[in-house]
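Colleague: Before I ask anything, let me first share the structure, which is written out below as structure tokens.
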């Protein structure tokens, strides 16, 4: 299904405010409860009405079940029923329905300003969206029977959601001690840095996100404020950067208010909105506490529509159901349920199949690791002339060979570009850089389609990437003055600039033995 069709479908589904259909549970006391679902209206702490769907599991008389609270990503809405769009097409929606069918209570709600909920979008403000998550927990504890409880008003509780719905889990888990286990999928650590590295707005994604909001008819009033409109020029305004940074786990972690819940993080290698680095930083923060933290690196995530990224299924978000970790294939949905079984049903070892760290190399192979490996070798970046105004637009991008691969292996990590001389004064020498591989056939591919602005001076840490390596591959830096991911941020400087310095490569690893065959 192509993006315009999705937007049309979303338009048809915007009028989905919930009706309050809460059953009379007093009448069924002491009886079996059938599996069913119904709508509910939850009042947030500031009085805003939030629409929700409650999925009631089949429970025998006297049996209890933990609760999973689900919410959606940007431009989305709750799982409205077993056959609804979100439950059929979106990763977190499918996982929520699988949890319900596995015997969990599930409450899926529309965040304020989206779907059938009232209010205005506040970009994950702790006073609003984050507080709303706690209000949903309050409501569930007060109204749902036969919840597994850790104490009065404290249900045994997990959360689930992707992107916008992943960030609310992390921030809520830093504020609400009742949250036991979370599954944030493809979300951010620092929203300002993810949307605008070095202040340069990812205009490709900016257009997609605003278009999704406009097409679905939601309240985007915040985005007509002067500072947000100024950011449409391509450089994020300082007040916007400050606001988004304050609505990020990075700020919480810097202040020692890290999320406490056990966390299964799922992040995408080809995700150009919230790349793997964001998940790795979340992992690093949470591991400073006592939480059990595991990270699965899939190929999918936020994928721009063609031609900005290669076609891979359902834009703007997609995922593969199975990833490979060493010699083991892990079904992501089964992994999520195993996580809840161990953390919410308290079944020791139920999630032993989920490694501490797994990073896919492609759809067929991946690495199972205990820790992120140390960076690879540092190699010279030879003097290379680049003309910013035409490179990547009127002329091909410039490939700078750095390392010849001698034998099959794997690459994993974040390269660093260290310039020994400034590219130029001010902002006019803007270049974009990617790590790339030129194969024996002469074709060059950008690793995981990750592109980042190159600072005019000093060190730039590029986004984390992974790849399988074949003997004869050349690892290199691909630079240009134009990038489709950063539309309108290219430099129109006609004067040639000289690129020179060194590059620290990602870790160069042997393929794990069980994966050595098959390429």
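Residue numbers (mature numbering (1 follows the signal peptide of the UniProt record, and there is no 0)): -17 to -1, 1 to 502.
The beta-carbon is built from N, C-alpha and C at its ideal position, and this holds for glycine as well.
For the beta strand (DSSP E) that contains residue 435, what are its first and last residues?
Modeller: For the purposes of this step, residue 435 is taken as the residue at position 452 of the chain shown. Its beta strand (DSSP E) spans residues 435 to 437.
Colleague: Around the C-beta of residue 57, are 16 or more other C-beta atoms found within 10 angstroms, so that it is buried, or is it exposed?
Modeller: If you number the chain shown from 1, residue 57 lands on position 74. Counting Cβ neighbours within 10 Å, residue 57 comes out buried, since at least 16 surround it.
Colleague: Does residue 396 pass the burial test, meaning 16 or more other C-beta atoms within 10 Å, or should it be called exposed?
Modeller: Looking up residue 396 in the chain shown gives position 413. Residue 396 should be labelled buried.
Colleague: To the nearest angstrom, how far is the alpha carbon of residue 237 from that of residue 169?
Modeller: Position 254 of the chain shown, counted from the start, is the residue given in the question as residue 237. Position 186 of the chain shown, counted from the start, is the residue given in the question as residue 169. Cα to Cα, residue 237 sits roughly 21 Å from residue 169.
Colleague: Should residue 26 and residue 122 be called a contact, given that it needs their Cβ atoms to be closer than 9 Å?
Modeller: Numbered from its first residue, the chain shown carries residue 26 at position 43. Numbered from its first residue, the chain shown carries residue 122 at position 139. For residue 26 and residue 122, yes; Cβs fall inside 9 Å.
Colleague: Go to residue 21, then tell me how far its beta strand (DSSP E) extends in each direction, as first and last residue.
Modeller: As a position in the chain shown, residue 21 is number 38, starting the count at 1. It spans 19 to 26 - the beta strand (DSSP E) in which residue 21 sits, taken as one unbroken run.
Colleague: Can you find the residues in the same chain that come closer than 6 Å, C-beta to C-beta, to residue 24, ignoring five residues on each side of it along the sequence?
Modeller: As a working note, residue 24 is residue 41 in the chain shown. Only 1, 3, 32 meet the Cβ criterion.
Colleague: Just to confirm the assignment, what range does the alpha helix (DSSP H) spanning residue 152 have?
Modeller: Working through the chain shown from its first residue, we reach residue 152 at position 169. First-last of the alpha helix (DSSP H) with residue 152: 147 to 158.
Colleague: Output yes or no for whether 9 Å exceeds the beta carbon distance between residue 433 and residue 454.
Modeller: Within the chain shown, numbered from 1, the residue matching residue 433 stands at position 450. Within the chain shown, numbered from 1, the residue matching residue 454 stands at position 471. Not closer than 9 Å, so no.
Colleague: From the DSSP output, in three-state form, read off residue 393 for me.
Modeller: Along the chain shown, one-based indexing puts residue 393 at 410. Here residue 393 sits in strand by DSSP.
Colleague: What's the C-alpha gap between residue 467 and residue 101?
Modeller: Position 484 of the chain shown, counting from 1, holds the residue named residue 467. Position 118 of the chain shown, counting from 1, holds the residue named residue 101. Rounded to the nearest angstrom, the two C-alpha atoms are 35 Å apart.
Colleague: Of the residues 463, 53, 254, which one's Cα is nearest the Cα of residue 151?
Modeller: Walking along the chain shown from the start, residue 151 turns up at place 168. Of the listed residues, the one whose Cα sits closest to residue 151 is 53.
Colleague: Start and end of the alpha helix (DSSP H) containing residue 123?
Modeller: Numbered from 1 along the chain shown, position 140 holds the residue referred to as residue 123. From DSSP, the alpha helix (DSSP H) with residue 123 extends over 114 to 126.
Colleague: Kindly indicate the opening and closing residues of the alpha helix (DSSP H) around residue 449.
Modeller: Taking the chain shown and counting its residues from 1, the one referred to as residue 449 is at position 466. Taken as a continuous stretch (DSSP letters only), residue 449 belongs to no alpha helix (DSSP H), being part of the beta strand (DSSP E) at 448 to 452.
Colleague: Can you check which of these residues, 210, 231, 51, 34, is closest to residue 174 by C-alpha distance?
Modeller: Position 191 of the chain shown, counted from the first residue, corresponds to residue 174. The residue with the shortest Cα to Cα distance from residue 174 is 231.
Colleague: When we look at the beta-carbon of residue 361 and count the other beta-carbons within 10 Å, is it buried (16 or more) or exposed?
Modeller: Walking along the chain shown from the start, residue 361 turns up at place 378. Result: exposed.
Colleague: Please classify residue 464: does DSSP put it in a helix, a strand, or coil?
Modeller: What you label residue 464 is simply residue 481 of the chain shown in a count that begins at 1. In the structure shown, residue 464 sits in coil (DSSP, three-state: anything other than H, G, I, E or B).
Colleague: Under 9 Å between the Cβ atoms of residue 364 and residue 406?
Modeller: By one-based count along the chain shown, residue 364 stands at place 381. By one-based count along the chain shown, residue 406 stands at place 423. Cβ distance not < 9 Å, so residue 364 and residue 406 don't count as in contact.
Colleague: Within the same chain, show all residues whose beta-carbon is closer than 8 Å to that of residue 285, passing over the 5 residues directly before and after it, in chain order.
Modeller: Position 302 of the chain shown holds residue 285. So the list reads 146, 169, 188, 251, 254, 255, 256, 257, 299, 300, once near-sequence residues are dropped.
Colleague: Taking the C-alpha atoms as reference points, what is the distance between residue 325 and residue 463?
Modeller: As a first step, residue 325 is located in the chain shown; it is residue number 342 there, counting from the start. As a first step, residue 463 is located in the chain shown; it is residue number 480 there, counting from the start. Looking at the two C-alpha atoms, the distance is approximately 48 Å.
Colleague: Tell me whether residue 32 sits in a helix, a strand or coil according to DSSP, three-state version.
Modeller: Taking the chain shown and counting its residues from 1, the one referred to as residue 32 is at position 49. Residue 32: strand per DSSP, three-state reduction.
Colleague: Relative to the alpha-carbon of residue 332, which residue among 320, 343, 342, 341 has its alpha-carbon at the smallest distance?
Modeller: If you number the chain shown from 1, residue 332 lands on position 349. Of 320, 343, 342, 341, the residue nearest in Cα terms is 320.
Colleague: Hey, out of 104, 375, 49, whose CA is closest to residue 133's CA?
Modeller: For the purposes of this step, residue 133 is taken as the residue at position 150 of the chain shown. The candidate whose alpha carbon is nearest that of residue 133 is 49.
Colleague: Quick check on DSSP: helix, strand or coil for residue 388?
Modeller: Your numbering for residue 388 matches position 405 in the chain shown. Residue 388: coil per DSSP, three-state reduction.
Colleague: With 16 other CB atoms within 10 Å as the buried threshold, where does residue 314 fall?
Modeller: Walking along the chain shown from the start, residue 314 turns up at place 331. Exposed is the call here.
Colleague: Can you look up residue 11 in the DSSP assignment and give me helix, strand or coil?
Modeller: Sequence index remark: in the chain shown, residue 11 carries index 28 (1-based). Helix.
Colleague: Inspect the beta-carbon positions of residue 247 and residue 162 and report whether they are closer than 9 Å.
Modeller: In the chain shown, residue 247 corresponds to position 264, counting from 1. In the chain shown, residue 162 corresponds to position 179, counting from 1. Not in contact: residue 247 and residue 162 (Cβ atoms no closer than 9 Å).
Colleague: Closest to residue 249 by C-alpha separation, out of 263, 109, 42, would be which residue?
Modeller: By 1-based counting over the chain shown, the position of residue 249 is 266. The candidate whose alpha carbon is nearest that of residue 249 is 263.
Colleague: Taking the alpha helix (DSSP H) that residue 227 falls in, what are its first and last residues?
Modeller: Locating residue 227 in the chain shown gives position 244, where the first residue counts as 1. Its alpha helix (DSSP H) spans residues 221 to 229.
Colleague: Please report the distance separating the alpha-carbon of residue 381 from that of residue 148.
Modeller: To locate residue 381, count along the chain shown from 1; it is residue 398. To locate residue 148, count along the chain shown from 1; it is residue 165. Going from the Cα of residue 381 to the Cα of residue 148 covers about 38 Å.
Colleague: To the nearest whole angstrom, what separates the beta carbons of residue 276 and residue 143, a pair I think is in contact under 8 Å?
Modeller: The residue labelled residue 276 in the question sits at position 293 within the chain shown. The residue labelled residue 143 in the question sits at position 160 within the chain shown. That pair is no contact at about 16 Å.
Colleague: Given residue 41, which residues of its chain have a CB within under 8 Å of its CB, disregarding the five upstream and five downstream residues?
Modeller: For the purposes of this step, residue 41 is identified with residue 58 of the chain shown, where counting begins at 1. Cβ neighbours of residue 41 beyond the five flanking positions: 15, 16, 17, 18, 86.
Colleague: Quick one: what does DSSP say residue 399 is sitting in, helix, strand or coil?
Modeller: The residue given as residue 399 occupies position 416 in the chain shown. The answer is strand: DSSP assigns residue 399 an E or B state.
Colleague: Where does the unbroken alpha helix (DSSP H) through residue 325 begin, and where does it stop?
Modeller: Within the chain shown, numbered from 1, the residue matching residue 325 stands at position 342. From DSSP, the alpha helix (DSSP H) with residue 325 extends over 315 to 326.
Colleague: Pick out whichever of 172, 342, 210 has its Cα sitting closest to the Cα of residue 267.
Modeller: Here residue 267 corresponds to residue number 284 of the chain shown, with the count starting at 1. The shortest Cα separation from residue 267 among 172, 342, 210 belongs to 172.
Colleague: According to DSSP, is residue 87 helix, strand or coil?
Modeller: If you number the chain shown from 1, residue 87 lands on position 104. Looking at residue 87 - three-state DSSP - the assignment turns out to be coil, as it is neither helix nor strand.
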